Amino acid sequence: YPGQAENAAQTKVPIVDALEEDPDGWICLNTFRDLPYDALTLMENVLDPSHIPYTHHRSVGNRANVSPVELEVVESGKWGFKGVWAEGPRKGTLGRQDTTFIAPGLMWHDLTSKQFGRTLTVVYATPIRKGECRLFARFPFKFSSKLLGLFLKLTPRWYSHIGQNNVLEDDQIFWHYQERYLEQQGGSGNFNKAFYLPTKADLFVFQLRFWVNHYSIDPFPGKTLPPSLPKEVLLERYHSHTQKCASCRGALANLQRLRLGLAVGTALVWVLLPLLVFIHPEVSIVTVIILTVAVLISGGVWLALGKLERQFYKGREIPPRNWPEKVYKEAKPR
5 YPGQAENAAQ TKVPIVDALE EDPDGWICLN TFRDLPYDAL TLMENVLDPS
55 HIPYTHHRSV GNRANVSPVE LEVVESGKWG FKGVWAEGPR KGTLGRQDTT
105 FIAPGLMWHD LTSKQFGRTL TVVYATPIRK GECRLFARFP FKFSSKLLGL
155 FLKLTPRWYS HIGQNNVLED DQIFWHYQER YLEQQGGSGN FNKAFYLPTK
205 ADLFVFQLRF WVNHYSIDPF PGKTLPPSLP KEVLLERYHS HTQKCASCRG
255 ALANLQRLRL GLAVGTALVW VLLPLLVFIH PEVSIVTVII LTVAVLISGG
305 VWLALGKLER QFYKGREIPP RNWPEKVYKE AKPR
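Mind the numbering: the sequence shown is residues 5 to 338 in my numbering, read in order.
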């Protein structure tokens with residue numbers, strides 16, 4: 005809470021009106037994660053639509069969709085601001101996108117398209133300590149196709165969380181370092197000197213920093229950022245999400261039990277197969293081949309599940325935007 009602490013209990017958590025007006029009309033994906041940068045840095049990130057096709061290329065963006073981003077702020081005040089992107093994403097093929105920032109830590113994008121229906125991207129940024137925040141994100145959908153809605157409902161929550169963590173990690177490392185660069189340049193008060201923001205694509209970021217500076221907002225006055233963290237810490241997922249998430253924690257436990265069962269079963273068949281042939285020489289070659297293939301398949305499944313298990317602990321070291329074209333084409337179907 006950015007004001008006097010004693011007033012926090014009397015202040016309601018800000019809400020998204022569209023969700024409150026029709027709570028049963030949305031299909032909603034929710035997630036959270038502890039992030040290694042400030043809440044205001046998170047707000048700056050999610051308020052900026054122009055970075056999506058670059059930073060999130062091959063995850064939720066595509067460089068082929070790059071076009072001039074003409075943002076407009078339609079109203080603003082101490083409460084925050086509202087803005088519009090008239091053309092909208094993907095060179096205007098999806099329609100207009102409206103953006104709302106409710107100070108100090110809530111924003112959402114609102115997009116309605118003929119192809120998919122109405123989609124919101126809602127982010128709450130909650131300060132934890134200097135250089136760390138907790139993200140609560142909601143992705144409500146009103147699909148024009150019932151099939152898409154059914155598919156989303158059937159998708160396991162833990163599987164969605166893996167994908168959402170992948171997207172967060174596309175820019176997690178350089179946001180961690182960028183806010184340290186800004187601090188070295190004198191902090192938010194010197195934002196215009198530290199960064200060059202010449203276009204309308206930068207307007208929402210500029211408006212956020214104007215709000216911070218105009219109203220002297222600092223969640224942790226007098227505090228400085230801790231030393232920067234190594235890449236392996238910035239990409240860890242277990243403590244920042246999995247451990248605290250009932251769905252991911254349960255999926256990980258089930259996955260580990262399944263891998264253990266596969267390992268024990270495969271090992272038993274592998275050990276007992278020669279013994280079976282020795283004791284019963286009349287065992288057909290077809291049976292031996294089937295059991296051998298079963299062992300090989302089980303081993304392959306065990307390895308594939310191990311790759312999935314690692315995604316509950318650690319993110320990708322190389323984001324998809326930096327993958328060689330051949331690697332991307334091979335990885336895409338998975």
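Here a beta-carbon is modelled for each residue, glycine too, at the ideal position from N, C-alpha and C.
Bear in mind the structure is a predicted one, so any value in this text is a computation, not a measurement.
Backbone secondary structure at residue i - three-state DSSP
| i | result |
| --- | --- |
| V73 | coil |
| C249 | coil |
| Q101 | strand |
| N326 | helix |
| K95 | helix |
| R338 | Only weak support is given to the placement of R338: the predicted model assigns it a pLDDT of 49, under 50, and the question is left unresolved by the model. |
| Q8 | coil |
| V17 | coil |
| R133 | strand |
| L233 | coil |
| H243 | coil |
| S80 | strand |
| T116 | strand |
| L110 | strand |
| I31 | strand |
| H61 | strand |
| K157 | helix |
| F199 | coil |
| T228 | coil |
| D206 | helix |
Contacts around residue i, its chain only, beta-carbon distance under 7 Å, and the 5 residues preceding and following it disregarded
| i | result |
| --- | --- |
| Q315 | I166 |
| K318 | L239, E240 and R241 |
| L44 | V216 |
| L259 | L309, L312 and E313 |
| L151 | none |
| N66 | P57 |
Distance between beta carbons of residue j and residue i, contact taken as under 8 Å
| i | j | result |
| --- | --- | --- |
| E173 | P40 | That belief does not hold up - the Cβ atoms of E173 and P40 are roughly 11 Å apart, past 8 Å. |
| V171 | P144 | The Cβ separation is near 17 Å, so there is no contact. |
| S232 | R184 | 6 Å |
| P131 | D42 | 7 Å |
| D139 | L46 | Note on residue identity: the sequence assigns Leu, not Asp, to residue 139. About 6 Å separates the two Cβ atoms, so the contact holds. |
| S251 | W162 | 4 Å |
| L23 | S164 | Contact doesn't hold; Cβ gap of about 18 Å is too wide. |
| R320 | H61 | The Cβ separation is near 14 Å, so there is no contact. |
Close beta carbons around residue i, own chain, < 8 Å, minus the five adjacent residues each side
| i | result |
| --- | --- |
| H218 | none |
| L262 | L309 |
| K86 | V77, V78, E79, S80, D102, T103, T104 and F105 |
| W306 | R263, L266, A267 and T270 |
| K348 | In the structure displayed, the chain extends from 5 to 338; residue 348 sits before or after that span and is not available. |
| R338 | At R338 the pLDDT is 49, less than 50, meaning the model places this residue with poor confidence; the figure from the coordinates comes in the next sentence. No residues qualify anywhere along the chain. |
| N11 | Y5 |
| L98 | G92, L115, S117, Q119 and F120 |
| Q247 | R253 |
Nonlocal neighbours in the same chain, by C-beta distance under 6 Å from residue i, ignoring five residues either side
| i | result |
| --- | --- |
| F195 | R213 |
| T59 | D174 and D175 |
| E329 | none |
| P18 | I106 and L110 |
Residue i vs residue j beta-carbon contact at 9 Å
| i | j | result |
| --- | --- | --- |
| L277 | T296 | yes |
| H243 | D52 | no |
| A205 | S63 | no |
| F224 | K134 | yes |
| V20 | L124 | yes |
| K339 | G121 | Residue coverage of the chain in this structure runs from 5 to 338, which leaves residue 339 outside it and unanswerable. |
| G92 | A107 | no |
| R100 | L115 | yes |
| Q168 | A141 | yes |
| L207 | F199 | no |
| T35 | H245 | yes |
| W274 | V292 | no |
| G153 | I31 | yes |
| V73 | T228 | no |
| V209 | E48 | yes |
| K235 | I283 | no |
Cross-strand partners of residue i (DSSP beta bridge)
| i | result |
| --- | --- |
| F140 | F36 and Y128 |
| V171 | Answer is none; V171 lacks a bridge partner. |
| I166 | Answer is none; I166 lacks a bridge partner. |
| F147 | G121 |
| H284 | Looking at the DSSP assignment, H284 forms no beta bridge with any residue, so it has no partner. |
| G87 | V77 and T103 |
| K318 | E240 |
Residue i: CB within 8 Å of a non-hydrogen atom of the ligand MN
| i | result |
| --- | --- |
| A267 | Ligands displayed in this structure: none; no statement on the ligand MN is therefore possible. |
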